[in-house]
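Student:
2 protein chains.
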Amino acid sequence: MPPKKKAPAKKSSVTHVTKQAKDSKPPVPPEKSRPESATEADRMATKQREISVSEFFLKNRHLLGFDNAKKALLTTIKEAVDNSLDACEEAKILPEILIEVKQLQEDRFVVVVEDNGPGVVREQIPKIFGKLLYGSKFHSMKQSRGQQGIGISAAGMYGQLTTGVSTKITSRISAKKPAHYFEIQIDTARNVPTILKDEIVDWKKPHGTRVAIELEAKYQKGRHSVEDYVRQTILANPHVTLTYLSPLNEKEEYKPASKQLPKAPREIKPHPHGVELGILMKMLKSSTSRKVKAFLSRDFARVSSRVAGAICKAAEISENSWPKAIAHAEADKLYRAINATKLMKPPTDCLSPIGEDALLNGIKKNVEATFYTAVTRPPSVYRGNPFQIEVALAYGGKLPVDELVDLIRFANRVPLLYQQSACALTKSVLQTAWRNYAVEQSKGALPSGPILVAIHMASVWVPFTSESKEAVASYPEIIHETRLGLQECGRRLEAFIRKGRREAEALRKKDYIKSYLPHIGIGLREILRFKDKDEKKILDLLTDILERSRE
Amino acid sequence: MPPKKKAPAKKSSVTHVTKQAKDSKPPVPPEKSRPESATEADRMATKQREISVSEFFLKNRHLLGFDNAKKALLTTIKEAVDNSLDACEEAKILPEILIEVKQLQEDRFVVVVEDNGPGVVREQIPKIFGKLLYGSKFHSMKQSRGQQGIGISAAGMYGQLTTGVSTKITSRISAKKPAHYFEIQIDTARNVPTILKDEIVDWKKPHGTRVAIELEAKYQKGRHSVEDYVRQTILANPHVTLTYLSPLNEKEEYKPASKQLPKAPREIKPHPHGVELGILMKMLKSSTSRKVKAFLSRDFARVSSRVAGAICKAAEISENSWPKAIAHAEADKLYRAINATKLMKPPTDCLSPIGEDALLNGIKKNVEATFYTAVTRPPSVYRGNPFQIEVALAYGGKLPVDELVDLIRFANRVPLLYQQSACALTKSVLQTAWRNYAVEQSKGALPSGPILVAIHMASVWVPFTSESKEAVASYPEIIHETRLGLQECGRRLEAFIRKGRREAEALRKKDYIKSYLPHIGIGLREILRFKDKDEKKILDLLTDILERSRE
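Taken in sequence, the protein lines are chains A and B.
The opening residue of the first sequence carries number 1 in the working numbering; numbering runs sequentially from there.
The opening residue of the second sequence carries number 552 in the working numbering; numbering runs sequentially from there.
#1: Taking only the alpha-carbon atoms, compute the straight-line gap between Pro-813 (chain B) and Val-826 (chain B) and give it to the nearest angstrom.
#2: Out of curiosity, what's the CA-to-CA distance linking His-139 (chain A) and Gln-982 (chain B)?
#3: Run through chain A and tell me which residues come within less than 9 Å of Ser-687 (chain B), C-beta to C-beta.
#4: Taking only runs that begin and end inside the segment 254 to 309 of chain A, name each unbroken alpha helix (DSSP H) of 4 or more residues, in chain order.
#5: To the nearest angstrom, how far is the alpha carbon of Val-752 (chain B) from that of Ile-914 (chain B)?
#6: Is there a Cβ of chain B sitting closer than 8 Å to that of Glu-31 (chain A), yes or no?
#7: If contact is defined by three or more beta carbon pairs under 8 Å, each pair taking one atom from either stretch, is the segment 292 to 308 of chain A in contact with the segment 226 to 233 of chain A?
#8: Pairs of beta-carbons, one from the segment 888 to 908 of chain B and one from the segment 1006 to 1013 of chain B, closer than 8 Å: are there three or more?
#9: Short of 6 Å in beta carbon distance, which residues of its chain neighbour Ala-925 (chain B), apart from the five on each side in sequence? Order them along the chain.
#10: Alpha carbon to alpha carbon, how far is Thr-482 (chain A) from Ala-236 (chain A)? Give it in angstroms, no decimals.
#11: Between the segment 872 to 889 of chain B and chain A, which residues of the former have CB atoms less than 8 Å from a CB of the latter, in chain order?
#12: At which residues does the beta strand (DSSP E) containing Asp-198 (chain A) begin and terminate?
#13: Please check the pair Gly-500 (chain A) and Pro-450 (chain A), which I expect to be a contact at CB under 8 Å, by giving their CB distance rounded to whole angstroms.
#14: If we call anything under 8 Å between Cβ atoms a contact, is Ser-1019 (chain B) one with Leu-614 (chain B)?
#15: Check whether chain E comes within 8 Å of Phe-607 (chain B), counting only Cβ atoms and requiring the distance to be less than that.
#16: Taking 8 Å as the CB-CB cut-off, is Thr-170 (chain A) touching chain B?
#17: Please confirm whether Val-462 (chain A) and Ala-424 (chain A) have their CB atoms less than 8 Å apart.
#18: Can you give me, in chain order, the residues of the segment 992 to 1004 of chain B that have a beta carbon less than 8 Å from any beta carbon in chain A?
#19: At the 8 Å Cβ level, is Gln-143 (chain A) part of the contact set with chain B, yes or no?
#20: Please report whether the beta-carbon of Asp-540 (chain A) lies at a distance below 8 Å from any beta-carbon of chain B.
#21: To the nearest angstrom, how far is it from the Cα of Ala-888 (chain B) to the Cα of Lys-168 (chain A)?
#22: Are any of the Cβ atoms in chain A nearer than 8 Å to that of Ser-1017 (chain B)?
#23: Identify, in the order they occur along the chain, each residue of the same chain with its Cβ nearer than 6 Å to the Cβ of Phe-182 (chain A), setting aside the five sequence neighbours on each side.
#24: Under 8 Å, with one C-beta from each stretch per pair, do the segment 47 to 59 of chain A and the segment 761 to 772 of chain B reach the 3-pair mark?
#25: I'd like the ranges of any beta strand (DSSP E) spanning at least 3 consecutive residues and lying wholly in the segment 775 to 808 of chain B.
#26: Can you pull out the residues from the segment 271 to 282 of chain A whose beta carbon lies closer than 8 Å to at least one beta carbon of chain B?
#27: Taking just the CA atoms, how far does Lys-820 (chain B) sit from Ala-45 (chain A)?
#28: Who are the neighbours of Gln-654 (chain B) on chain A, taking C-beta pairs under 8 Å?
#29: Which value, in whole angstroms, describes the spacing of the CA atoms of Tyr-886 (chain B) and Val-661 (chain B)?
#30: Residues in its own chain within less than 8 Å of Lys-583 (chain B) by CB, not counting five upstream and five downstream?
#31: 8 Å is my cut-off, CB to CB: does Pro-1014 (chain B) come that close to chain A?
#32: Could I get the ranges of all uninterrupted alpha helix (DSSP H) runs contained in the segment 413 to 454 of chain A, with 4 residues as the minimum, in chain order?
#33: Run the CB neighbour count on Ser-640 (chain B), radius 10 Å, all protein chains shown included, and call it buried at 16 or more, exposed below.
#34: Does DSSP put Phe-56 (chain A) in a helix, a strand or coil?
#35: For Asp-67 (chain A), go through chain B and note every residue whose CB falls closer than 8 Å to its CB, in chain order.
#36: Are the CB atoms of Ile-644 (chain B) and Val-632 (chain B) within a distance shorter than 8 Å?
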């Protein structure tokens, strides 16, 4: 295909503002003009319409984390920070982030997030910030915070919905190039960006991105607050420099605990055991390999040339078959042969866990307890996707005694503040038999006691229960791995508690003896005065004295 | 716009199979050809891509209810039955549904759902069954089971993904017209249907639709089973005739308990208090009214001409302003004026609750208990959307004593079998103080005891927590209303339990007296033989006899 053919299509996916009013009106079916003889089906057909993905999420905005004003503020910040951290780390830049929340009216705020990342090239700015389902991470198999290409555009769309104000973006990709300033809205009927301003501006930063979104919101301290989010973000990302300016003009500054970027996750190929028949057929059709054997070893992880040959043999397909020519029945055989073949687990350098030490340091900074422990599990696989679970636990100290366990959850280093009960990580805590570890737990409830549990799931693809990325879906492998991590922490906690109880018991006995000793002393004095040393009499006297001392 | 302009666009949204292989390959950016001087941002830009909505849901298929093989079977049936029931009811036809599940291999099934509905016109079949986000219910404000235009296409897409087999549809709209048979797949890279077969066939039915989907699945009885789903569907839809053929060749037939269609919900206009500034601005831009006052009273529910005038006055906008010409600042004023104006609640004939009697009959058929009660709450509103809560409760009888409450949930008459803990209806049960109603409950857990609770939410727009429509999002108004319904049932239950306890107590006393009476008799006999009637002696004797009788 000649590339020229694509140019006009590209252009038309961005609307400039003068055209918008005319274009954004959706086509209305001519319902009233139907003939009287039409059937019910005809009448219903006139109502059928395509739904734009922006319209869909606008109406279902709770799916994106915008179901109330307080959460809207948090979601907006979270989406912008996710993007900043991902961009910095991908460009191997130690992230320096500014979060600023300004209050304009009682229910209206501006969120500004600024980073020192690599910046965004001018042509990409409108789509990245003004089109849902547009991004670079969806098709890449490596751990990242963003994955769907929805978040930041959705935050801008919510701002536009509630205040009518455009998303404002400043970005610069190098000191040698100018900074670009955009004002953008989403044309929701078509899910394309509308550019209201596109200028070159002066900006002090050599590279980085600044995004400002005005929205209806509510600012509140305490649980699920921006402050909570910031603290937890630092816990899971000790390499980040972060400045937070609250609406009350308070300034919190976090210096990095570590000057080292986390190990950069590497992109991997799909693992054959995670690929369904339909995907396999699609991959065969679009492969550039000329032979099935080469297709198998080149397009998948963990398939050597030898293994590829064995798979072809088991599927009774010639190694030299042209992938594009493989029909349904043959593909089915190939699929079954692949799944019957033992393969190495997927490579795990696509993951970047926080690590036991960093996790321990993180919770030590956050809670005062008497016992801390952390476990990083070895990587595992669900639906072909590598993932890794980390669990940390704190006990005692200043943690409240009569409450349910305080649970904090992370996915790919991002704190998950909402939808706790929908989350597989929570279910894993519920399904762990805490009584085995000397911890109280009622049926169907979280355990209770002076305990904080932190769980992190790192994966090339975290299966969230909704687009707002607040809870992990309940794949059995994920629950299993998380329970193993919890059990390990539980066993260590039990050892600590039992040791504490033994010591307490010993102490109690010591106290007991101490309090009776003086009375035994008195008894002995009396006994020594006795003439005849009749055993029964002596015992009676001692008992009598001790009994009296208890009253 | 001349209608001719649209024709080609319409055609190109359906691919015929010969073209597919060429078209479905997504454009790959020329990553390797970038110059050495490029910045990080340039390198990253080459990876940015649009994500098709089908690709998105394919990768995130747990969002659609396809996260495991057992659930996939249920979701497929549910989506097809939802469509059948909606279509029948909209066409005022008493629904007759056939559900057939056939097992082909250990992990491969065919789901067939057939109805006597109005059928689908030929041109609409490919898009309805082969394109995500296409439908008639998304923009209509009235209660219906489907709402997103995703479900049935997603089920077909899952079938195609796991077995490579197309969705097969037969549909006929009238005895005077032929029946059409289609075989369809989704071109996921572009979210358009690919037609593999398009034929006229013989079909005995005068009107109706039959859909067959082959998929990887798992069939299992018990909790969350197809049988469970069928029973609960009948509970909430007593007007339905349903035949279910299981993979084990068992046949279950349900005759309708009521020969009456539920009251047909009416479509309403949006209520002004549920509309955000951004939507108001969009509505102003696309209004056909020439004056703001007319716009307000025509395009919204519950705005009379008088009220519209008052709103204009409060917003300091002339009643005669042209809606399209209203700028951002004025729209903001108008928005604030609308929200400061007292308005009637939205009309509620858009809702069709099950009703207390039908709900009671339903649970009586399902569980043997000693006490039943049901409450249909008056309609209420969240985010401008009318909704209504119904609660039914059964107690005692054969319900298990030592378990957590058995909770069944419905939304718009559809049983919700999964994601219980994520659901606002469940949270409402958790947040109700059951101990006030003589029911046990541990902190953070569901109440326990021989209790079944059924909750139904009817709404013009049920805010599900994900596209799989398994749980209701936690809007405070929904939780509030549900708790009121639960409290009412709780009070009635308490009265029953306390009455039971009083009766039991009285019975216990009666038993007590009965068991001591013979001994008192003996005592009295002894007393009568006494010569001197010394009171103390008599009492001592009686006490002694009674004490001995207790040993």
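Positions of the beta carbon are idealized from the N, C-alpha and C atoms, including for glycine.
Tutor: If we stick to the structure as given:
#1: Looking at the two C-alpha atoms, the distance is approximately 29 Å.
#2: The straight-line gap separating the alpha-carbon atoms of His-139 (chain A) and Gln-982 (chain B) is approximately 41 Å.
#3: Result: Met-44, Ala-45, Thr-46, Lys-47, Gln-48 and Arg-49.
#4: Counting only unbroken stretches of 4 or more residues, the alpha helix (DSSP H) elements lying wholly within the segment 254 to 309 of chain A are 277 to 286 and 292 to 299, in sequence order.
#5: Answer to the nearest angstrom: the Cα atoms are 42 Å apart.
#6: Note that Glu-31 (chain A) has pLDDT 42, beneath the 50 cutoff, so the model's placement of it is unreliable and the number below is only indicative. No, because no Cβ of chain B sits closer than 8 Å to the Cβ of Glu-31 (chain A).
#7: Flag = no, the segment 226 to 233 of chain A and the segment 292 to 308 of chain A do not touch.
#8: Contact holds: three or more Cβ-Cβ distances are below 8 Å.
#9: Excluding residues within five positions, the ones whose Cβ falls inside 6 Å are Glu-907, Leu-910, Leu-911 and Ala-943.
#10: Ala-236 (chain A) and Thr-482 (chain A) have their C-alpha atoms some 17 Å from each other.
#11: Contact annotation: in the segment 872 to 889 of chain B, residues whose CB is within less than 8 Å of a CB in chain A are Lys-875, His-879, Ala-882 and Asp-883.
#12: Asp-198 (chain A): member of the beta strand (DSSP E) spanning 192 to 201, first to last residue.
#13: In this structure Gly-500 (chain A) does not touch Pro-450 (chain A) by the C-beta definition: roughly 12 Å separates them, more than the 8 Å allowed.
#14: A distance below 8 Å separates the beta carbons of Ser-1019 (chain B) and Leu-614 (chain B).
#15: Of the chains in the structure shown, none is chain E; the protein chains are A and B.
#16: Closer than 8 Å to the CB of Thr-170 (chain A) there is not a single CB belonging to chain B.
#17: For Val-462 (chain A) and Ala-424 (chain A), no; Cβs fall outside 8 Å.
#18: So the list reads Ser-993, Lys-994, Gly-995, Ala-996, Leu-997 and Ser-999, given in the order they occur along the chain.
#19: Output row for Gln-143 (chain A): interface = no.
#20: Interface criterion not met: the Cβ of Asp-540 (chain A) is under 8 Å from no Cβ in chain B.
#21: Separation of Ala-888 (chain B) and Lys-168 (chain A) (C-alpha to C-alpha, rounded to the nearest whole angstrom) is 28 Å.
#22: So yes, Ser-1017 (chain B) belongs to the interface.
#23: Ile-125, Ile-169 and Asp-198, listed in sequence order.
#24: Not touching, per the Cβ criterion.
#25: With a minimum length of 3 residues, the continuous beta strand (DSSP E) runs that stay inside the segment 775 to 808 of chain B are 792 to 796 and 802 to 805.
#26: Within the segment 271 to 282 of chain A, the qualifying residues are Glu-276, Leu-277, Gly-278, Ile-279, Met-281 and Lys-282.
#27: The C-alpha of Lys-820 (chain B) is placed about 21 Å away from the C-alpha of Ala-45 (chain A).
#28: By Cβ distance, chain A contributes nothing, its closest Cβ being about 17 Å from Gln-654 (chain B), past 8 Å.
#29: Take the alpha-carbon of Tyr-886 (chain B) and the one of Val-661 (chain B): they are about 52 Å apart.
#30: At Lys-583 (chain B), the pLDDT of 43 sits below 50, so the modelled position is not reliable and the matter cannot be decided from this model.
#31: Yes, its Cβ sits closer than 8 Å to a Cβ of chain A.
#32: Taken in chain order, the unbroken stretches of alpha helix (DSSP H) that lie wholly in the segment 413 to 454 of chain A and span 4 residues or more are 424 to 430.
#33: In the sequence on display, residue 640 (chain B) carries Glu and not Ser. With a threshold of 16 other beta carbon atoms within 10 Å, Glu-640 (chain B) meets it and is buried.
#34: Here Phe-56 (chain A) sits in helix by DSSP.
#35: From the beta-carbon of Asp-67 (chain A), the residues of chain B found nearer than 8 Å are Pro-1014, Ala-1024, Ser-1025 and Tyr-1026.
#36: Contact flag unset, no.
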